[in-house]
Amino acid sequence: MRTTLNEQAQGWQQRSVFERQWMFREFKKYSTMTTEQWLETLIRLEQEDIEGIDIPLEKLAQFYTHLQDLARGYTKDSEELEQNLATIQGWIEAVNNLNQVLTAK
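In numbering that gives the first Met the number 0, the protein residues as written are 0 to 104.
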């Protein structure tokens with residue numbers, strides 16, 4: 000999950016100034032943390048057994064759901080849309096699976 004988020008953030012850095020600012024602002028709005036904060040938290044989670052830490056994974060899943068909504072409005076090619084939605088759904092499932100593991104502890 001950390002690798003995916005890192006790749007996304009790097010991709011956003013390559014966009015035009017307006018798009019870049021918009022993506023990072025949307026990410027923080029929906030996920031409640033900056034990409035840097037998320038990456039740091041995920042690194043800590045990989046390195047330590049963090050019990051009792053509040054990681055708003057449901058908010059990260061909400062951001063990915065928002066991306067799906069954006070893709071539905073933006074992508075006109077139905078095959079490309081289905082591929083994009085499936086990719087994003089995989090990200091949502093990864094976040095939800097991690098959330099289940101952490102809440103089971």
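Backbone N, C-alpha and C define an ideal beta-carbon position, used for all residues, glycine too.
- prompt: Does the segment 69-79 come within contact of the segment 10-23, defined as at least 3 CB pairs closer than 8 Å?
  reply: Contact between the segment 69-79 and the segment 10-23 is absent: fewer than 3 CB-CB pairs across the two stretches fall below 8 Å.
field: N- and C-terminal bounds of the alpha helix (DSSP H) containing M0
entry: Taking the sequence shown and counting its residues from 1, the one referred to as residue 0 is at position 1. Segment: none, M0 is in no alpha helix (DSSP H) and carries neither H nor E.
- prompt: Y63: buried (16+ other C-beta within 10 angstroms of its C-beta) or exposed?
  reply: Position 64 of the sequence shown, counted from the start, is the residue given in the question as residue 63. So Y63 ends up on the buried side.
query: Given Y29, which residues of its chain have a CB within under 6 Å of its CB, disregarding the five upstream and five downstream residues?
result: Position 30 of the sequence shown holds residue 29. So the list reads Q61, F62 and H65, once near-sequence residues are dropped.
message: Restricting to Cα atoms, I'd like to know which of M32, T31 and L38 is closest to Q9.
response: Locating residue 9 in the sequence shown gives position 10, where the first residue counts as 1. Ranking M32, T31 and L38 by Cα distance to Q9 puts L38 first.
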